[in-house]
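Visitor: If you count the sequence shown from 1, you need to add 737 to reach my numbering.
Even glycine gets a Cβ: it sits at the ideal position worked out from N, Cα and C.
Just so it is clear, the structure is predicted and the values come from calculations on it, not from any experiment.
Supplied in structure tokens, the structure appears directly below.
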Amino acid sequence: TWQVWAIYMVLAANLSEEQVLKQACPSCDATQLCNCSSMGLDFVPPGITGKITVLNLAHNRIKHIRSQDLQQAVNLRALLLQSNEISSIDKDSFCSLGKLELLDLSNNSLAHLYPAWFGHLFSLQHLHLQGNSYRDLGESSPFSSLRNLSSLHLGNPQFSTIRQGNFEGIEFLDKLWIDGGNLSQYEPGSLKLIKKINHMIINVRSINIFSAIVMDILHSVTWLEVREIKLEIGKKSMVQNSTLPFRIRKLTFKDASFTDQYISRIIVLLKEIKTLQEIEAIDCVLQGKGAWDIEEITSSGQSFVETVSVINIMIQNFHLFFDLDGMESQINKLKRLTIASSKVFMVPCKLAKHFSSLLYLDFHDNLLVNNRLNETICRDAWPSLQTLNLSQNSLKSLKQTANSVTRLPKLVNLDISQNNFGDIPDVCEWPQTLKYLNLSSTQIPKLTTCIPPTLEVLDVSANNLKEFGLQLPFLKELYLAKNQLKALPGAAPVPNLVAMSIRRNKLNGFSREEFEGAQVGAVHLSLMECHRSLVVSSICVLLFLVILILVAVGYKYHAVWYLRMTWAWLQAKRKPKRAPLKDICYDAFVSYSENDSDWVENIMVRELEQACPPFRLCLHKRDFVPGKWIVDNIIDSIEKSHKTLFVLSEHFVQSEWCKYELDFSHFRLFDENNDAAILVLLEPIQSKAIPKRFCKLRKIMNTKTYLEWPLEEEQQ
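Okay, here's the thing in structure tokens:
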């Protein structure tokens, strides 16, 4: 009775926990993804089981993570705990999360980080720890066991110290983000332990801390992004004592503040990093007027940077900004230049002529007007330019714009979209090399022969076009979306067209003539295009035959039996090798064929169980648990028995039962290399008569002593 009561209590407890989980997180019911975010929870709800792979507990009021909270969540891949009030975590709270790949503990109240939390997270790839209250990472590395870590985000407004050894155990990172706005102490060499970082983001205000970090990471970081730094004048070299060779290729400043003096100095210092190819400035403030130290910059030698991007830079006195006269020697190797959303209204002709190697120029979202564009693209300016983006400016005349870009002899791609041209002339001059033209959203009401005939790609989307009849013999792609077209363009004017977008127009129908094109004889179609149904049918028939052959081969060679036994064996391997003595219930488990049951039950069992002292035997007829899988019954019976008696006969090795079920006991028993097996030959049997699957049984018959039941009664 007490056993039944205990089982009832366990089931009731489990049921109540599942009900609590379902009430707290309705989405957890019968799903692998459990979303418990923004539920007002004060604790991790009970009932979290191994079926859950994603658990979202973000934006709650959880203060403490206990050891037992996640103990059953062994298949968890992602655990989101951000934006709670967590101040303490039991050291073994995550010990069962060996499959966890993402852990987010950001924006909580953790005052310390302990290595024990992460000691069993062998699969962890992404770790977010930012926005807590810890001041440092401890005396050693909290991350030493995270060998698969790919991205790490840490730091907070109180974070002030990085020590040597804090990153021990981490060799490679795809992304490292350190919020160190108030970082005041950095021990040199702390980041040198990491061999490779693809992208590192660091918020830092101190120029001294920044310089120390740069010296440590030049050999490991490919892309360095620095945020919120207030750059001051510094004379110290950035590469002093740095490990060669350098790896850094790209440097980004975001939300930074520059003075004229520091611009001059940083240009000189960055020339020491000869691997640096790209510089980017985003959402930055330039406090000066362009009064840079041209003499110092020029005397420091040639720059190796090939790409410069300046996006949304704020120049407080941009109308007073100098024309950068004297910088010509620093730009002649530049290949790609982007100056976007920065109120640029012109580039002096003298400066533009020295961009001799520039291939790509992006001036989108600025203040360029046609007369300033004419000066910016003066004769002999930008001689190598192939791609020009002038979208989102203040250009009004398409004819003047075309005349200006005609001075670019190598121009291939031109984007002048989102300018308000409003009108289009009948004739324009363009570069003979132009192949791509974007005129979308320019308010043009029609298309004329102003459009260059050399184009391969034309985008005139989002205008007021009512028809299209241009002769463009080389055109391959045509974009006409969001216009007023009522009929498809004719095929004859664009004979080489491959792709056309005509969505969101006013097409009501199609005439037969609109679809007349190349004759069938000139069209080359694949077998799939011509005979789709035949090909699909053939594939289905072949697939059916392959499956049929696999089933037949599997049946002949007992593949299903092998699979079932292998699965059962793998499950058994996870169990303890031998049950504790207190769990041993039987002296022996008897393995026999049903055809030999008369001898087993009426002779052997009666003699042994009525002996003095009596032996307790386990028989499948009498002692197996009803309703339990047969293989599990066999495993449990063997584990709860001191010995296993095999009653061998011709019936034993030929019966289907022995072939497909009972032979599992051999896997378990002989794998342990013990002597728990007792073999009794009920009748003479040759070892070669035993099926090959019983290879271990054949081996034990050839190497160990076994009993033979004699036919003579006096010897029995």
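Quick check on DSSP: helix, strand or coil for residue 951?
Guide: Counted from its first residue, the sequence shown places residue 951 at position 214. Of the three classes helix, strand and coil, the one that applies to residue 951 here is helix, per DSSP.
Visitor: Can you tell me where the beta strand (DSSP E) holding residue 1326 begins and where it ends?
Guide: Sequence index remark: in the sequence shown, residue 1326 carries index 589 (1-based). Residue 1326 -> beta strand (DSSP E) spans 1323 to 1328.
Visitor: Would you check if the segment 840 to 854 and the segment 803 to 811 touch, i.e. whether three or more CB-CB distances between them fall below 8 Å?
Guide: no
Visitor: Identify whether residue 832 lies in helix, strand or coil by the three-state DSSP scheme.
Guide: Start at 1 with the first residue of the sequence shown, and residue 832 comes out as number 95. Here residue 832 sits in coil by DSSP.
Visitor: Quick check: the Cα distance between residue 1359 and residue 1342, rounded to an integer number of angstroms?
Guide: The count along the sequence shown starts at 1 and reaches residue 1359 at position 622. The count along the sequence shown starts at 1 and reaches residue 1342 at position 605. Cα-Cα distance, rounded: 12 Å.
Visitor: Looking at the unbroken alpha helix (DSSP H) that takes in residue 871, where does it start and where does it end?
Guide: Translated into the one-based positions of the sequence shown, residue 871 becomes position 134. According to the DSSP assignment, residue 871 belongs to no alpha helix (DSSP H), since it is labelled neither H nor E.
Visitor: Straight-line CA distance for residue 835 to residue 887?
Guide: As a first step, residue 835 is located in the sequence shown; it is residue number 98 there, counting from the start. As a first step, residue 887 is located in the sequence shown; it is residue number 150 there, counting from the start. For residue 835 and residue 887, the distance between alpha carbons rounds to 16 Å.
Visitor: Roughly how many angstroms separate the alpha carbons of residue 1187 and residue 1162, rounded to a whole number?
Guide: The residue you call residue 1187 lines up with position 450 of the sequence shown. The residue you call residue 1162 lines up with position 425 of the sequence shown. CA-to-CA, the gap between residue 1187 and residue 1162 works out to about 6 Å.
Visitor: Leaving out five residues before and five after residue 1051 in sequence, what residues of the same chain have Cβ atoms less than 6 Å from its Cβ?
Guide: On the sequence shown, position 314 is the one that residue 1051 refers to. Excluding sequence neighbours, residue 1051 sits near 1022.
Visitor: Compute the Euclidean distance between the alpha carbons of residue 867 and residue 891, then round it to the nearest angstrom.
Guide: For this step, residue 867 is matched to residue 130 along the sequence shown. For this step, residue 891 is matched to residue 154 along the sequence shown. Cα to Cα, the separation comes out at about 4 Å.
Visitor: Taking C-alpha atoms, which residue in 1090, 775, 785, 779 lies nearest to residue 759?
Guide: For the purposes of this step, residue 759 is identified with residue 22 of the sequence shown, where counting begins at 1. Nearest of 1090, 775, 785, 779 to residue 759, Cα basis: 785.
Visitor: Do residue 1145 and residue 1132 have their C-beta atoms within less than 9 Å of each other?
Guide: The residue labelled residue 1145 in the question sits at position 408 within the sequence shown. The residue labelled residue 1132 in the question sits at position 395 within the sequence shown. Contact check for residue 1145 against residue 1132 fails: the beta carbons are separated by 9 Å or more.
Visitor: Output the residue ranges of the beta strand (DSSP E) runs that lie fully inside the segment 973 to 1038 and measure 3 residues or longer, sorted by chain position.
Guide: 987 to 991, 1015 to 1019
Visitor: Mapping the DSSP letters down to three states, classify residue 1052 as helix, strand or coil.
Guide: Locating residue 1052 in the sequence shown gives position 315, counting from the first residue. Reduced to three states, the DSSP call for residue 1052 is strand.
Visitor: What is the rounded straight-line gap between the Cα of residue 1290 and the Cα of residue 1380?
Guide: Reading the sequence shown from its first residue, position 553 is the one you call residue 1290. Reading the sequence shown from its first residue, position 643 is the one you call residue 1380. So the two alpha carbons sit approximately 37 Å from each other.
Visitor: With three or more beta-carbon pairs closer than 8 Å as the criterion, would you say the segment 898 to 915 touches the segment 925 to 937?
Guide: yes
Visitor: Nearest to residue 795 by alpha carbon, out of 842, 1049, 921?
Guide: To locate residue 795, count along the sequence shown from 1; it is residue 58. Closest option to residue 795, Cα to Cα, is 842.
Visitor: Could you name each continuous beta strand (DSSP E) segment of 3 residues or more that falls completely within the segment 1066 to 1124, going from the start of the chain to the end?
Guide: 1073 to 1077, 1097 to 1099
Visitor: Under 6 Å Cβ to Cβ from residue 1329, same chain only, skipping five residues before and after it: list those, please.
Guide: Start at 1 with the first residue of the sequence shown, and residue 1329 comes out as number 592. So the list reads 1337, 1384, once near-sequence residues are dropped.
Visitor: Can you tell me whether residue 1292 is buried or exposed? The criterion is at least 16 other CB atoms within 10 Å of its CB, across all chains shown.
Guide: The count along the sequence shown starts at 1 and reaches residue 1292 at position 555. It counts as exposed.
Visitor: Among residues of its own chain, excluding the 5 on either side of residue 815, which ones have a beta-carbon nearer than 6 Å to its beta-carbon?
Guide: In the sequence shown, the residue the question calls residue 815 occupies position 78. Excluding residues within five positions, the ones whose Cβ falls inside 6 Å are 791, 839.
Visitor: Which whole-angstrom value describes the C-beta separation of residue 996 and residue 1025, a residue pair presumed to lie in contact below a C-beta threshold of 8 Å?
Guide: The residue labelled residue 996 in the question sits at position 259 within the sequence shown. The residue labelled residue 1025 in the question sits at position 288 within the sequence shown. About 6 Å separates the Cβ atoms of residue 996 and residue 1025, confirming a contact at the 8 Å cut-off.
Visitor: Buried or exposed: where does residue 1268 fall if 16 or more other Cβ atoms within 10 Å of its Cβ makes it buried?
Guide: As a working mapping, residue 1268 is identified with position 531 in the sequence shown. The residue is exposed, with fewer than 16 neighbouring Cβ atoms inside 10 Å.
Visitor: Roughly how far, in whole angstroms, is the beta-carbon of residue 798 from the beta-carbon of residue 778, given that I think they are within contact range, below 8 Å?
Guide: Working through the sequence shown from its first residue, we reach residue 798 at position 61. Working through the sequence shown from its first residue, we reach residue 778 at position 41. Indeed they touch by this definition, with Cβ atoms about 7 Å apart.
Visitor: Where residue 1006 and residue 1174 are concerned, what is the direct C-alpha to C-alpha distance, given to the nearest angstrom?
Guide: Position 269 of the sequence shown, counted from the first residue, corresponds to residue 1006. Position 437 of the sequence shown, counted from the first residue, corresponds to residue 1174. One C-alpha to the other measures close to 40 Å.
Visitor: Should residue 1451 go down as buried or exposed, given a rule of 16 or more other Cβ atoms within 10 Å for buried?
Guide: In the sequence shown, residue 1451 corresponds to position 714, counting from 1. Burial call: exposed.
Visitor: Are residue 1141 and residue 1181 close, meaning C-beta to C-beta below 9 Å?
Guide: On the sequence shown, position 404 is the one that residue 1141 refers to. On the sequence shown, position 444 is the one that residue 1181 refers to. No. Outside cutoff.
Visitor: Can you list, in chain order, the residues of its chain whose CB lies under 8 Å from that of residue 830, leaving out five sequence neighbours each side?
Guide: Along the sequence shown, read from residue 1 onward, the residue named residue 830 stands at position 93. Spatial neighbours of residue 830 in its own chain (CB-CB distance under 8 Å, excluding positions within 5 residues in sequence) are listed in chain order as 802, 803, 804, 806, 807, 854.
Visitor: Span of the beta strand (DSSP E) holding residue 839?
Guide: Sequence index remark: in the sequence shown, residue 839 carries index 102 (1-based). Here the beta strand (DSSP E) through residue 839 covers 839 to 841.
Visitor: Under 9 Å, do residue 924 and residue 900 count as touching if we go by C-beta distance?
Guide: Residue mapping note: residue 924 aligns to position 187 of the sequence shown, counting from 1. Residue mapping note: residue 900 aligns to position 163 of the sequence shown, counting from 1. Against a cut-off of 9 Å, the Cβ pair of residue 900 and residue 924 comes out as a contact.
Visitor: Determine the extent of the beta strand (DSSP E) in which residue 964 is found, giving its start and end residues.
Guide: Here residue 964 corresponds to residue number 227 of the sequence shown, with the count starting at 1. 958 to 964 is the extent of the beta strand (DSSP E) around residue 964.
Visitor: The beta strand (DSSP E) that contains residue 911, what's its start and end?
Guide: Here the question's residue 911 lines up with position 174 in the sequence shown. Segment 909 to 917, the beta strand (DSSP E) holding residue 911.
Visitor: Between the Cα of residue 949 and the Cα atoms of 1331, 922, 1108, which residue gives the shortest distance?
Guide: For the purposes of this step, residue 949 is taken as the residue at position 212 of the sequence shown. Comparing Cα positions, the closest option is 922.
Visitor: Does the distance from the CB of residue 800 to the CB of residue 824 come in under 9 Å?
Guide: For the purposes of this step, residue 800 is taken as the residue at position 63 of the sequence shown. For the purposes of this step, residue 824 is taken as the residue at position 87 of the sequence shown. In this structure, residue 824 lies closer than 9 Å to residue 800 by Cβ.
Visitor: Given residue 1123, which residues of its chain have a CB within under 6 Å of its CB, disregarding the five upstream and five downstream residues?
Guide: Numbered from its first residue, the sequence shown carries residue 1123 at position 386. Contacts found: 1096, 1147, 1149.
Visitor: Once DSSP output is grouped into helix, strand and coil, what is the label at residue 1197?
Guide: As a working mapping, residue 1197 is identified with position 460 in the sequence shown. Residue 1197 falls in the coil class under three-state DSSP.
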